[in-house]
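First residue of the sequence shown? That's 274 in the working numbering, and the numbers climb one at a time after it.
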Amino acid sequence: MDEVDAERMEGLHVPACERCLELIESRSRIVNGTGPEDADVLFVGEGPGAQEDAQGEPFVGRSGTVLDDALRSVGLDRETVRITNCVRCRPPENRDPKKGELANCRGYLETEIARLEPDVIVTLGKVPSEHLLGRSVAVTKEAGAVEDVRIDGETYRVLLSVHPAATLYDRSQESTFEAALEKAADLAGVDGGGSGQTRLDGF
Ligand code: URA
274 MDEVDAERME
284 GLHVPACERC
294 LELIESRSRI
304 VNGTGPEDAD
314 VLFVGEGPGA
324 QEDAQGEPFV
334 GRSGTVLDDA
344 LRSVGLDRET
354 VRITNCVRCR
364 PPENRDPKKG
374 ELANCRGYLE
384 TEIARLEPDV
394 IVTLGKVPSE
404 HLLGRSVAVT
414 KEAGAVEDVR
424 IDGETYRVLL
434 SVHPAATLYD
444 RSQESTFEAA
454 LEKAADLAGV
464 DGGGSGQTRL
474 DGF
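Right, dumping it as structure tokens:
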């Protein structure tokens, strides 16, 4: 864990940060993770979009609706999982976070992971998958794969998933996304989902 970042955080909350000059300009606020601090499942997205920036909560736009529906379909919900992002400030025009921005925010994410000690970390899309695995990832091919990853001296189980927004552009990704979430629920020992039927009709 980065001690400096851990000290800058109040609990799991980053109250202020001015490390990324471009993101200071593009954000309206820092978007911290949400959900219980002892959640078994941690979802990691890329970074806040417009809605998240406006509301101060991760995954509250269209991707969030897809995520919420899929969570419910596997017996999970937003109140029982933790949801966070690789970077906590909205990049301009929703571009991908730059390497330096990911690096600047890495300590906050590592602190969150270390405090939570989740049963499984689910990476939502290419950016968080590559960020945590430290290698290039073909996420549509590798979705559903589970890898043990060393993060700050500890080993965590990381489950790769496509980003929920992928299902909005390509309906064939719905089943891939739901299968990954079913696996997340299984790994966390949650019973109650897994019908195998898609619940994302309407997108
Ligand atoms: N996409 C992300 O990766 N994160 C969010 O919080 C919202 C959309």
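Every residue, glycine too, gets a C-beta built ideally from N, C-alpha and C.
Item	Value
Rounded separation between T413 and E447 - CA only	11 Å
Euclidean distance between Cα positions of A289 and I303	7 Å
Length of the line joining the Cα atoms of H286 and Y442	33 Å
C-alpha distance - S346 paired with A452, whole-angstrom precision	10 Å
G417 versus C362 - alpha carbon distance	28 Å
F332: first and last residue of the uninterrupted beta strand (DSSP E) it sits in	Run containing F332: none; DSSP gives neither H nor E here.
Residue nearest to E455 in terms of C-alpha spacing, selected from R388, D350, T384	D350
Residues sharing a beta bridge with E420, DSSP	V431
Cα-Cα separation between F476 and D278, rounded to whole angstroms	Here the model assigns F476 a pLDDT of 31, short of 50, so the residue's position is not dependable, and the following value carries that caveat. If you take the alpha carbons of F476 and D278, they lie about 39 Å apart.
L285 - DSSP class collapsed to helix/strand/coil	coil
Backbone CA spacing between V419 and L432 [nearest angstrom]	4 Å
Residue from F316, D392, C293, A312 with nearest C-alpha to R430	D392
Assumed close pair S434, V463 - CB separation to whole angstroms, cut-off 8 Å	So it is not a contact: roughly 16 Å between Cβ atoms.
Check whether G334 and G322 have beta carbons under 8 Å apart	yes
For A438, the nearest candidate out of L397, R292, P401 (CA to CA)	L397
Where G337 sits in the DSSP three-state scheme	helix
Check whether G348 and F332 have beta carbons under 8 Å apart	no
Alpha carbon of I356 to alpha carbon of T307, nearest angstrom	5 Å
Cross-strand partners of L296 (DSSP beta bridge)	Beta-bridge pairing links L296 to no other residue.
Contact set for S336: own chain, Cβ-Cβ below 6 Å, skip 5 residues either direction	P437, A438
Cβ separation of N358 and R292, assumed to be a contact under 8 Å, to the nearest whole Å	Contact flag wrong, Cβ pair sits at about 15 Å.
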